[in-house]
Amino acid sequence: MYLYNLTLQRATGITHAVHGNFSGTKLQEVAVSRGKILELLRPDPNTGKVYTLYASEVFGVIRSMMSFRLTGGSKDYLVIGSDSGRIVILEYNPQKSCFEKVHQETFGKSGCRRIVPGQHLAMDPKGRALMVAAVEKQKLVYILNRDAAARLTISSPLEAHKSSTLVYHAVGVDVGFENPVFACLEMDYEEADTDPTGEAAHNTHQTLTFYELDLGLNHVVRKYSEPLEEHGNFLIAVPGGSDGPSGVLICSENYITYKNFGDQPDIRCPIPRRRNDLDDPERGMIFVCSANHKTKAMFFFLAQTEQGDIFKITLETDEDMVTEIKLKYFDTIPVATSMCVLKTGFLFVAAEFGNHCLYQIARLGEEDEEPEFSSAIPLEEGDTFFFAPRALRNLLPVEELDSLSPAMGCTIADLANEDTPQLYVACGRGPRSCLRVLRHGLEVSEMAVSELPGNPNAVWTVKRKSDEDFDAYIIVSFVNATLVLSIGETVEEVTDSGFLGTTPTLSCAQIGDDALVQVYPEGIRHIRADKRVNEWRTPGKKAIVKCAVNQRQVVIALTGGELVYFEMDPTGQLNEYTDRREMSADIICMSLASVPTGEQRSRFLAVGLADNTVRIISLDPSDCLSPLSMQALPATPESLSIVEMGMTEVDTSGQGILYLNIGLQNGVLLRTVLDQVTGDLSDTRTRYLGSRPVKLFKVRMQGSDAALAMSSRSWLSYYYQNRFHLTPLSYETLEFASGFSSEQCPEGIVAISTNTLRILALEKLGAVFNQVSTPLEYTPRKFVVNTDSGHLIVVETDHNAYTEKMKQQRKQQMAEEMVEAAGEGEQELAAEMAAAFLSEVLPEAVFGSPKAGSGMWASVIRVLNPADGQTLCKVALEQNEAALSVALVKFSSQPDEQYVVVGAARELSLQPWHARSGGLLITYRLSHAGETRLDLVHATPVEEAPTALCPFQGRVLAGVGKCLRLYDLGRKKLLRKCENKYIPNAIVTIQCMGNRVVVSDVQESFFFLRYKRLENQLVIFADDSVPRWITASCMLDYDTIAGADKFGNVSIVRLPSSISDEVDEDPTGIKSLWDRGWLGGSSQKAEVIANFHVGETVLSLQKATLIPGGSESLVFVTLSGTIGVLVPFTAHEDHDFFQHLEMHMRSENPPLCGRDHLSFRSSYFPVKNVIDGDLCEQFNSLDPSKQKSIAEELDRNPSEVSKKLEDIRTRYAF
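Everything in the sequence shown is counted per my numbering, starting at 1 for the first residue and increasing by one.
This is the structure we're talking about:
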């Protein structure tokens, strides 16, 4: 079996975010790392929308990244620390819209190792030097400079190593133009390592160490080191030189401390805590991330605590000596991994879990009555300040970026009966959890919907003048009339536009500089800017049946297949070309390309005829109306559209390629390249869109042309980020459309559907799925689909959490303590405060849930209708019962009833993993009588945590710790029928097919068992030869199973045909084949047929068909939100072709961060029988010269290679 890896949706979780002027313009961009993907985002300063300028796989793990600018430069560079053992400096090229490698310096081995630098980066604020540090021991400093041609240069590395030293964080200290200084949070463990009593380990302190780079001597020295009282987790560099006092802020548990050299005393301020918090008061509070903002006049920091509260930190100075630290509560937002304050007044927040957000900083929190906490306020040691959290006041949410991370599980099913299956993804953590329904398609924003007096048959928009930005009129054509609407603040009917209203319209457009043209069955109406009207009438009884119009040309087809051509002369007059041309068959459709910039006319007319052909006809004066080329079609054409595509978003002046889109009556869309010189048609791509004939319309997207195709579903064909996308719109069926541009909606679509006129906007271009989200209470662990009713049964469990009942009890207890603690005269006030505290409800999705402490668990079981997101039934378990697994079972003794069996652990400890009070198998009857209910039948105590459940032949298989058991339904509890105790550690997943059961162990990969019904035995007959830490599994057929492990690998294991699962008598007569075992394992071994390193932990594997009529593929979903497929090759020559393409791409297009592609995909096991489609698809974004040389090596041309890449994608997915 040979497989091809395809990514459908890139990872959505963000691990790092830095901002800078990467494109060299005044606009600031945000560079984000999504694990192994580098992406550049640009927030629009006017609308607040966030656009992706660039995204690419780096085939490596991005461990750290920073932006920097050389002194006096106007552009920021990006430096990346990765698992490649190399430091890479990248520069963004706006012309090619991609990052290019400026420098790549090797310093160590590949992989995320503890002594190989790359984990921490620190940059001198003036861009003169950079430090790259490992978790332990090694630190390297590089000096950055310019050469004579103003190109960036990098020095050899200078070492600043110190053995037996752990590094927690590193920053560049702002010292102006003095010698660059770096500050590191370190810990020396040498004594702790050699002391057998453990006392030294107990007394180990962190140190703050300053390293100075002497630019004169080209050498790094340890300048100063001092031990710290509290354990710090990160450093914030304070602006220095002429901008501020320099030095660093150390964020540690419960305190923030300012330190600097010289006579500067330490300034220390406690981190404020929430008033009346349900958290354990002994629990420390830390800052988790920060952002700073600096202008010429002032600077401040925003730091966020682990509860999500942001504080604004300012420093009071006296002659460059800091005298106090001031903290002021700013706002509360979900916990972030990175925050960036942009010059345009936006705050970009990359959330730790859940959706990322862009906020507008509306106020700086200086005028409000919020108390300011200061280091100057005297407090007892251990005391702190208190504040009351509140709703947003200083920040306004502007834009939200969808994120599936962390995706805990996924099921693919067509529960909504839409032909195309939906992906049901359980994601999120704690109170920010949700269940998302993903559908393939672009999200459509409905800007306006208005009813019309009848059912229109067409709609267009026109401008008044060619140089205007926005459209002036919407023209709606009915069977016997035309309605003209003006576009302004509102849309109103106009009667003096010059259009003929008593006839249907075939087409209309803005023509020349300031004129309009209307084509109707009896003639052509040319309306000048001063409302003068010229009319051309059809000769005799003939009528116009089809027409095509652009900015300077009109072509009409009369009854009988006669073509008449008009062109505008320099005076603005429409002139008919003297000759006419009769076509050999009836004309069904026609299209004109737009007039190229700086030219007089478009040279080509495409005509679709009833004889199943498309002909290209010249409009050049030298051979006007003469045929140039022809293409035969598999069916009758319905519509044509010539669109110029393939220009980059930045450089729209570049020459695109002309594409002729052909919509056929059988629902197929063809896209063919139209040669701009000869008019030849070549390189045809085919795609089935739906059951209705395909109508085509030209619209504008991202500043260039796109084609909107309408069949039983509407599709948009557009060019975005160096590749073509053909994506359906997640919207009801439309009948006719046109581009629409107004101030509120610069790139919209106006469309008609039955008797309504709709104005739509498509904002999330490039997105593969649109999502509908339903909030959940706790982290979803597992869920099953009830295919009979289309409902989902979800088990949600959180550690360190209270159940709702316990929360209310804690609140009540705290309210009583408040009243008791009050003095005699304050009883009334205390009672009011207690009542206010009890009635106060802060949404946990924003403010976080209270931390109950280690070993405290809360769980609910929820029945959910994914069609409308309604919870039909919810059952809460007791405090400290953790629901870990769920199965929907039809027991053979009760075939008409459905039962939900939930595996729960009681008093579960994570380290070591152990259920102190055993576990429970809780059985519920699922009843749909009236309303959906879960009726408790009974709970069966078991001695360990039940981590996996699976229905099996009218019974249920349970993985209880390391025992595999078969249970049947009893009256008082589940009855144990048989068990197998030979699984080594703990069962993670159970899959079954027929009498065969495949169990995966948490460390030891797969075990194949057979259920012997007569002897009532579960016996292991084969296992895997390699240890794997399995997270998900999926049976592909009776002998083959796919598995994913914790380290990001997907493997496929198959039993060889020689293996027997029949019980053979042992010739020695003492032991059967099953019990003999070799080296503690089974005597028969499965063989590995595929290995592939995805690079992210896969938590869901499923065999599914993603498109109607498509083939089956193995779909995987990772923790970071990546959705990908492994698809099998059906032909040997296809595999051969892609294998060679992958080899050429490895040598011609090495990954951005310096990692070797082959070694990345073989990180744990050598890659076997899987070809990386993500690398192959980068072929489309190579330089044309490289594309040509690779294609020649493969005995093909570049368009054939692109077609192969597109074909394999559309055969299985989208």
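Here a beta-carbon is modelled for each residue, glycine too, at the ideal position from N, C-alpha and C.
According to DSSP, is residue i part of a helix, a strand, or is it coil?
i: Tyr168; result: strand
i: Val595; result: coil
i: Tyr1284; result: This structure gives no information on residue 1284, because the portion of the chain shown stretches from 1 to 1214.
i: Cys112; result: coil
i: Phe470; result: coil
i: Arg1161; result: helix
i: Gln827; result: helix
i: Glu1206; result: helix
i: Tyr1212; result: helix
i: Pro45; result: coil
i: Asn661; result: strand
i: Thr571; result: coil
i: Thr932; result: coil
i: Thr194; result: helix
i: Arg128; result: coil
i: Pro1198; result: helix
i: Arg10; result: coil
i: Asp76; result: coil
i: Val564; result: strand
i: Gly24; result: coil
Given a cut-off of 8 Å on the beta-carbon distance, is the pair residue i and residue j in contact?
i: Glu522; j: Thr505; result: no
i: Leu708; j: Phe724; result: no
i: Phe1006; j: Gly961; result: no
i: Ser477; j: Leu760; result: no
i: Met818; j: Met833; result: yes
i: Leu395; j: Leu347; result: yes
i: Pro431; j: Glu777; result: yes
i: Val1026; j: Val1088; result: yes
i: Gly561; j: Cys589; result: no
i: Arg1010; j: Asp1061; result: yes
i: Val58; j: Pro912; result: no
i: Glu324; j: Ile236; result: no
Establish whether the CB of residue i and some CB of chain C are separated by less than 8 Å.
i: Glu316; result: Among the chains in the structure shown there is no chain C, since it carries only a single protein chain.
What are the boundary residues of the beta strand (DSSP E) that residue i is part of?
i: His19; result: His16 to Gly20
i: Cys98; result: Cys98 to Thr106
i: Asp1001; result: Arg996 to Asp1001
i: Leu53; result: Val50 to Glu57
Check the DSSP bridge columns for residue i and list the partner residues they point to.
i: His963; result: According to the sequence shown, residue 963 is Cys rather than His. For Cys963, which the question treats as bridged, DSSP gives the partners Val960.
i: Pro627; result: Ile617
i: Ala529; result: In DSSP, Ala529 forms no bridge with anything.
i: Pro521; result: Pro521 pairs with nothing; no bridge assigned.
i: Thr559; result: DSSP, once it has assigned bridges, lists no residue as partnering Thr559.
i: Ile475; result: Trp460 and Val484
Where do the ends of the alpha helix (DSSP H) carrying residue i lie?
i: Asp1136; result: His1132 to Glu1148
i: Glu199; result: Glu199 to His202
i: Phe847; result: Glu844 to Phe847
i: Cys1153; result: No alpha helix (DSSP H) contains Cys1153, which DSSP labels as neither H nor E.
i: Lys1186; result: Pro1184 to Glu1193
i: Cys1034; result: That residue, Cys1034, is in no alpha helix (DSSP H); its beta strand (DSSP E) goes Ile1030 to Met1035.
Checklist entry - Taking contact to mean at least 3 C-beta pairs separated by less than 8 Å, is the region 25 to 39 in contact with the region 325 to 336? => result no
Item to check | the region 100 to 120 / the region 1138 to 1157 touching (three or more Cβ pairs under 8 Å) | outcome: Result yes; three or more Cβ-Cβ pairs closer than 8 Å.
Checklist entry - Counting Cβ pairs closer than 8 Å, one from the region 692 to 711 and one from the region 613 to 629, do we hit at least three? => result no
Next on the checklist: So, does the region 150 to 167 touch the region 132 to 141, judging by three or more C-beta pairs under 8 Å?
Outcome noted: yes
Checklist entry - Is the region 1110 to 1122 in contact with the region 5 to 24, if contact means three or more CB pairs nearer than 8 Å? => result yes
Next on the checklist: When you compare the region 278 to 297 with the region 335 to 351, are there three or more beta-carbon pairs, one atom per stretch, that lie closer than 8 Å?
Outcome noted: Segments in contact, yes.
Checklist entry - Using 8 Å as the threshold, is the region 977 to 992 in touch with the region 943 to 953, meaning 3 or more CB pairs across them? => result yes
Checklist entry - Can we say the region 462 to 475 touches the region 736 to 746, given the rule of at least three CB pairs closer than 8 Å? => result yes
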